[in-house]
Structure formats: structure tokens, C-alpha cells
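Engineer: Mind having a look at this structure? Questions to follow.
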Amino acid sequence: MIDQAIYRRFNHTVASCFVIYFLFPEFIFGYSRIYLVFLFWLGIILIEYFRLSGSFVLDGMRDYESKRIAGFVWFASGTCLIFTFYEMGVFPEIFAVSTIIMASFVDPIIGEFNKRYGNVYGVFAGLISSIVIYQLIIGVFFYAIIGGLVAVLIERPKFNWLDDDLLIQIFPILAMTIFYFSGLGPDIQTSIEAMK
Amino acid sequence: MRFTKFYISVLYFVVIITSIIFYLNNYYIIASLLIAGNVLPGYKLALSVVEND
Chain A
1 MIDQAIYRRF NHTVASCFVI YFLFPEFIFG YSRIYLVFLF WLGIILIEYF
51 RLSGSFVLDG MRDYESKRIA GFVWFASGTC LIFTFYEMGV FPEIFAVSTI
101 IMASFVDPII GEFNKRYGNV YGVFAGLISS IVIYQLIIGV FFYAIIGGLV
151 AVLIERPKFN WLDDDLLIQI FPILAMTIFY FSGLGPDIQT SIEAMK
Chain B
1 MRFTKFYISV LYFVVIITSI IFYLNNYYII ASLLIAGNVL PGYKLALSVV
51 END
């Protein structure tokens with residue numbers, strides 16, 4: 001049996017590759033690329049439906065996920081929400097890309113540090129890594145601090161009806177977007193083209 | 001188990017292809033982040049698969 005914890009972590013970090021969506025052409029075979037997001041989300045929901053109904057067993061699931069919605073569904077839902085709001089013009093592209101990458105990496109980092117060194121180190125590791133990722137992509141320390149702080153703060157509380165895989169994406173990007181559009185945050189290049 | 005191994009190899013493939021595409025489009029920071037973030041869990045998982053064999 002392969003190491004289930006490592007398998008889960010790798011699945012989580014590979015989710016960073018979802019950002020390839022931003023390089024897709026706007027229309028695919030004449031249809032807007034947002035339909036691809038709906039199809040993908042529908043596929044995830046179908047897999048989860050059959051998993052919960054016992055049709056098959058997926059590797060890497062936690063024990064408590066046998067009777068409730070699994071983390072991968074929450075993560076995919078969060079990413080699909082970001083894609084949808086980005087297409088609607090709500091979330092700037094640079095925030096969307098950085099948040100998806102941040103959430104994919106920081107959640108496993110916090111989990112691993114919590115397990116090995118305790119919760120305090122987990123919080124610090126999460127904070128530092130999220131700020132570094134945001135700073136590398138956005139390049140503005142103000143947003144890196146805001147995004148990193150919100151990501152770590154929202155990861156801590158545990159809810160029965162919501163998962164941190166969703167919250168760690170939605171809340172940081174929401175906070176940064178509010179600061180940006182309200183004018184409280186500094187002006188930035190919102191397209192990832194600026195990173196070239 | 002056979003399906004899991006196939007699925008893991010697809011994941012490796014996705015990471016490599018995505019990183020290459022970002023690199024070729026001159027998004028060096030994103031490409032580097034994708035590689036840096038996946039290399040350690042990917043390596044650990046590969047070790048686990050080999051040990052399992």
C-alpha cells in the first residue's frame with residue numbers, strides 16, 4: 001500500500017496545474033471556455049456521487065470522508081468558483097492565478113508542519129509560504145500580506161459543513177479583490193501578461 | 001492498485017507538461033513554482049510506490 005498521506009499531498013499540489021486554464025483560448029470549438037469549467041465540475045460531482053454511494057473506493061481518502069463530501073470536491077469547487085468569477089470580471093487574473101497556486105501548496109505545507117512540529121510552526125510555515133508565493137506572482141507586498149494572512153486565518157477553524165480547501169481559496173482572493181477595487185490597496189497590473 | 005499507479009503517472013505527466021507550457025510562454029516564475037511545489041511530494045510519492053513494489 002502506498003503512503004496515503006503523501007498520495008493526498010501530491011494530489012493537492014498537482015491541483016496548482018489548474019492555472020493552465022488561463023492559457024486556454026477564450027473560445028474552444030466555438031464555445032466559451034467557461035463551459036469546460038462546468039463540465040469539469042460536473043465530472044467531479046459525478047465521481048463524488050458514485051464514491052459516496054459505494055460504487056467504487058478511491059485511494060487517499062481520510063476515514064471521516066467516507067460519509068461526507070471529500071476534500072478534492074471542495075478544492076475543485078473553489079477553483080471553479082474562482083474561474084467563474086474571473087470570467088465575470090469580478091476577480092483579477094493575477095489574484096486568481098496566485099490564489100490557486102497558493103492554496104494548492106500552502107494547505108499541504110500547513111498540514112505537514114502541524115503533523116511534524118505542532119500547530120504554531122504550521123501557522124508560521126503557512127504564513128511565510130503563502131506570502132512568498134503571492135509576492136513572487138503579484139509582486140506587491142501589500143497584497144501578499146493580505147492574502148497570506150487571510151489564507152492562514154481561514155485555514156485554522158474547522159467547520160462540519162464547509163472545508164478549508166474551499167475557504168483557503170475564496171477568502172484570500174475576496175479580501176485582495178475588495179482592497180483592490182475599493183482603492184485601499186495599491187494599483188497593480190491585473191493580467192499575468194505583466195509577468196512575462 | 002494498477003489504476004492508482006496509472007493515475008499517479010498521469011499526475012506526473014500533467015505537472016511536467018503544464019510547467020513546460022508556462023515556461024514556453026515565458027511565464028518563468030509560474031513554471032518554476034509549479035515544479036518547486038510538486039517536486040518534493042512527487043519524489044516522496046515515487047519512493048513510496050517503489051518501496052511498495
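First to last, the protein sequences are chains A and B.
Numbering (this note's numbering) for the first sequence: 1 to 196.
Numbering (this note's numbering) for the second sequence: 1 to 53.
Even for Gly, the Cβ is constructed at its ideal location relative to N, Cα and C.
1. Compute the Euclidean distance between the alpha carbons of G71(A) and L46(A), then round it to the nearest angstrom.
2. Taking contact to mean at least 3 C-beta pairs separated by less than 8 Å, is the stretch 152-167 of chain A in contact with the stretch 56-74 of chain A?
3. Helix or strand or just coil, what does DSSP make of I28(A)?
4. Decide yes or no for the touch test of the stretch 138-158 of chain A against the stretch 49-57 of chain A: beta carbon pairs closer than 8 Å, at least 3 of them.
5. Apart from the five residues on each side of it in sequence, which residues of its chain come closer than 6 Å, Cβ to Cβ, to D164(A)?
6. Expressed to the nearest angstrom, what Euclidean distance is found between the alpha-carbon atoms of I192(A) and R2(B)?
7. CA-CA distance, K44(B) and L174(A)?
8. Cα separation between W41(A) and D187(A)?
9. Might you give, ordered along the chain, the residues of its own chain that have their beta carbon closer than 6 Å to the beta carbon of A201(A), omitting 5 neighbours on each side?
10. Measuring alpha carbon to alpha carbon, tell me which residue in V10(B), I16(B), F6(B) and L11(B) is nearest S32(B).
11. Is the Cβ of L24(B) closer than 7 Å to any Cβ of chain A?
12. Rounded to whole angstroms, how far is the Cβ of T79(A) from the Cβ of G147(A), which I believe are closer than 8 Å?
13. So, at 6 Å on beta carbons, what are the nonlocal neighbours of A96(A) in its own chain, with the 5 sequence-adjacent residues on each side left out?
14. May I ask you to list, following chain order, the residues of the stretch 30-43 of chain A that have a beta carbon less than 8 Å from some beta carbon of chain B?
15. Counting Cβ pairs, one atom from each stretch, are 3 or more of them under 8 Å apart for the stretch 13-27 of chain B and the stretch 17-27 of chain A?
16. Is M195(A) helix, strand or coil when you go by DSSP?
17. Do the stretch 11-20 of chain A and the stretch 27-42 of chain B meet, that is, are 3 or more Cβ pairs less than 8 Å apart?
18. In the structure shown, what three-state DSSP assignment does V57(A) receive?
19. Does any residue of chain B bring its CB to less than 7 Å from the CB of R51(A)?
20. For D53(B), count neighbouring C-beta atoms within 10 Å of its own C-beta (all shown protein chains included) and say buried if the count is 16 or more, exposed if not.
21. List the residues of chain B whose Cβ lies closer than 7 Å to the Cβ of T13(A), in chain order.
22. Between L58(A) and E51(B), what straight-line distance do the alpha-carbon atoms span, to the nearest angstrom?
23. Consult DSSP for N114(A) and reduce its assignment to one of helix, strand or coil.
24. Start and end of the alpha helix (DSSP H) containing F5(B)?
25. By a C-beta neighbour count over all protein chains shown, 10 Å radius and 16 as the cutoff for buried, is Y27(B) buried or exposed?
26. Taking a Cβ distance cut-off of 8 Å, strictly less, list which residues of the stretch 99-115 of chain A are near chain B, in chain order.
Structural biologist: By the coordinates alone:
1. If you draw a straight line from the Cα of G71(A) to the Cα of L46(A), it is about 15 Å long.
2. Cβ pair count under 8 Å is three or more, so yes.
3. Here DSSP, grouped into helix, strand and coil, assigns I28(A) to strand.
4. The stretch 138-158 of chain A is not in contact with the stretch 49-57 of chain A.
5. In the same chain as D164(A), and ignoring 5 residues on each side of it, the C-beta atoms closer than 6 Å to its own belong to E155, in chain order.
6. Rounded to the nearest whole angstrom, the CA to CA distance from I192(A) to R2(B) is 39 Å.
7. For K44(B) and L174(A), the distance between alpha carbons rounds to 34 Å.
8. W41(A) and D187(A) have their alpha carbons spaced roughly 33 Å apart.
9. For chain A, the structure presents residues 1 to 196; residue 201(A) sits outside this window and is missing.
10. That would be I16(B), whose Cα lies nearest to the Cα of S32(B).
11. No, because no Cβ of chain A sits closer than 7 Å to the Cβ of L24(B).
12. For a cut-off of 8 Å, the C-beta gap from T79(A) to G147(A) is around 16 Å, too long to register as a contact.
13. Within the same chain, A96(A) has close Cβ partners I82 and Y86.
14. Listed in sequence order: no entries.
15. Taking a cut-off of 8 Å for Cβ pairs, the stretch 13-27 of chain B and the stretch 17-27 of chain A touch, as three or more such pairs fall below it.
16. If DSSP states are grouped into helix, strand and coil, M195(A) belongs with the helices.
17. Contact between the stretch 11-20 of chain A and the stretch 27-42 of chain B is present: 3 or more CB-CB pairs across the two stretches fall below 8 Å.
18. When secondary structure is reduced to three states using DSSP, V57(A) falls in the coil class, being assigned neither helix nor strand.
19. Judged by the 7 Å Cβ criterion, R51(A) is not in contact with chain B.
20. Burial call: exposed.
21. Under the 7 Å cutoff, chain B gives G37, N38 and P41.
22. Cα to Cα, L58(A) sits roughly 21 Å from E51(B).
23. Helix, per DSSP.
24. Note on residue identity: the sequence assigns Lys, not Phe, to residue 5(B). Per DSSP, K5(B) is one residue of the alpha helix (DSSP H) stretching across R2 to L24.
25. Note on Y27(B): 16 or more other CB atoms within 10 angstroms of its CB, so buried under the neighbour-count rule.
26. Correct list: I101, S104, F105 and P108.
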